[in-house]
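Worksheet for the structure shown next.
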Amino acid sequence: MNQNHVDIKTPEFVSLQFQVAGLGSRAAALIIDQIILTITSILVVVAMFFVEFGQLSMLYIPELSSLPIAITIILLFIINWGYFFIVEYFSGGRTIGKRFMGVRVIQDNGHSLTLLSSLIRNLLRIIDSLPSGYLLGIIMIFFHSKHKRLGDLVAGTIVIHERKEKKKNKSTAIEKEIAARGLTKDDLVIDEWTLKTIGMKEWNLLKTYSNRLLQLPVIERKELTKEMARILYPKIGLEIDNKSNRDLENTLLILYLLLKEEWEFEL
-13 MNQNHVDIKT PEFVSLQFQV AGLGSRAAAL IIDQIILTIT SILVVVAMFF VEFGQLSMLY
47 IPELSSLPIA ITIILLFIIN WGYFFIVEYF SGGRTIGKRF MGVRVIQDNG HSLTLLSSLI
107 RNLLRIIDSL PSGYLLGIIM IFFHSKHKRL GDLVAGTIVI HERKEKKKNK STAIEKEIAA
167 RGLTKDDLVI DEWTLKTIGM KEWNLLKTYS NRLLQLPVIE RKELTKEMAR ILYPKIGLEI
227 DNKSNRDLEN TLLILYLLLK EEWEFEL
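Residue numbers are given in my numbering: position 19 of the sequence shown equals residue 5, and the series is strictly consecutive.
Given below as structure tokens:
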């Protein structure tokens, strides 16, 4: 059974449609990731030999002690499992392979991958890889209506195709205003961890605010700006005190540009 698209209703009552990533794109992404991990693992093993014994002789391979072998095995496990867990979480549900294939992991409710959901889905890779070569995971992805493996079912996640950024022939009024003010995304430095704390609810608020900003009377505009700043500034580690209304507006508009890349897509 195949289902190319899935409709998701978010907790904010926003309906979104995504194209589900199938077995082919997921397998290709995994192959790319495994190539990267294999090369990394080989380098770790070679490094262990050099650290333990110095330069190796081509004619003599010394007997290995159990301690460096144990350390290497533990390190390889951490790298091979931690790669998926850490990279997926900090890169918005994308490993290098997924990014190359244009797919990503999100939660079933349409929100970005959380630390817990990333932990669960990647811990269960151990089961999905049984008996070998991800056979169980391949079978489940092929037959499940939303192409989910066991890790996705338990973690409440789904793998989707990245959606292309909307192409517009004409800039909107707020985009023209942002350009007129000379504002760019580089004017506000926010690390990936902080940016991930801002979810779809906040994005919808910010989008509505930005699109209405130029239509509001001055007094209402100032009040709405202050209210938005009280909601969003703490999330990005900024203080509201001693900032003019213009500064508050500019920061919110720059944040709008940053979040637009993450949330404003089309199929």
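For glycine and all other residues, C-beta sits at the position ideal for the given N, C-alpha and C.
Thr170 and Lys221 have their C-alpha atoms roughly 20 Å apart. One alpha carbon belongs to Trp179, the other to Tyr195, and they sit about 24 Å apart. In the displayed model, Ser103 falls within a helix according to three-state DSSP. Every unbroken stretch of the alpha helix (DSSP H) spanning 4 or more residues and falling wholly within the region 15 to 86 is given here in chain order: 52 to 76. The three-state secondary structure of Ser98, taken from DSSP, is strand.
For Arg135, there is no enclosing beta strand (DSSP E), as DSSP marks it with neither H nor E. When the Cα atoms are used, Tyr75 and Ile18 turn out to be separated by approximately 18 Å. In this structure, Ile240 sits near Asp173, with a CB-CB distance shorter than 8 Å. Beta-bridge pairing by DSSP links Asp172 to no other residue.
Fewer than three pairs of CB atoms, one per stretch, sit closer than 8 Å, so the region 158 to 169 makes no contact with the region 132 to 139. Counting the other Cβ atoms within 10 Å of the Cβ of Asp114 gives 16 or more, which makes it buried. Residue range Val204 to Leu218 is occupied by the alpha helix (DSSP H) that includes Thr211. Taken through DSSP and simplified to helix, strand or coil, Arg90 comes out as strand. The alpha-carbon separation between Ile205 and Gly78 amounts to approximately 38 Å.
In this model, Asp138 and Ile144 are separated by some 6 Å (Cα to Cα).
One thing to note: Arg90 has its Cβ no nearer than 8 Å to the Cβ of Ile55. Per the C-alpha coordinates, the member of Val140, Phe36, Arg107 and Leu16 positioned closest to Gly83 is Leu16.
DSSP, read as helix, strand or coil, puts Ile184 in coil.
In the structure shown, Ile125 adopts helical secondary structure according to DSSP, grouped into three states. For Thr183, the CB contacts under 7 Å within the same chain, skipping 5 residues up- and downstream, are Lys221 in chain order.
By the neighbour-count criterion, in which a residue is buried when 16 or more other Cβ atoms sit within 10 angstroms of its Cβ, Leu116 is exposed. Thr81 counts as buried, since no fewer than 16 other beta carbons sit within 10 angstroms of its beta carbon. Inclusion of Arg167 and Asn231 in the CB contact set at 8 Å is not warranted, their separation being larger than that value. Comparing C-alpha distances from Gly88 to each of Asp227, Lys229 and Val6 shows the shortest one belongs to Val6.
Less than 8 Å divides the Cβ of Tyr219 from the Cβ of Glu225. Per DSSP, the beta-bridge partners of Asp(-7) are Gln3. Boundaries of the alpha helix (DSSP H) harbouring Ile112: Arg111 to Asp114, taken from the DSSP string. Excluding residues up to 5 positions away in sequence, Asn231 lie with their Cβ nearer than 8 Å to the Cβ of Lys208 in the same chain.
The Cβ atoms of Tyr69 and Leu105 lie no closer than 8 Å to each other.
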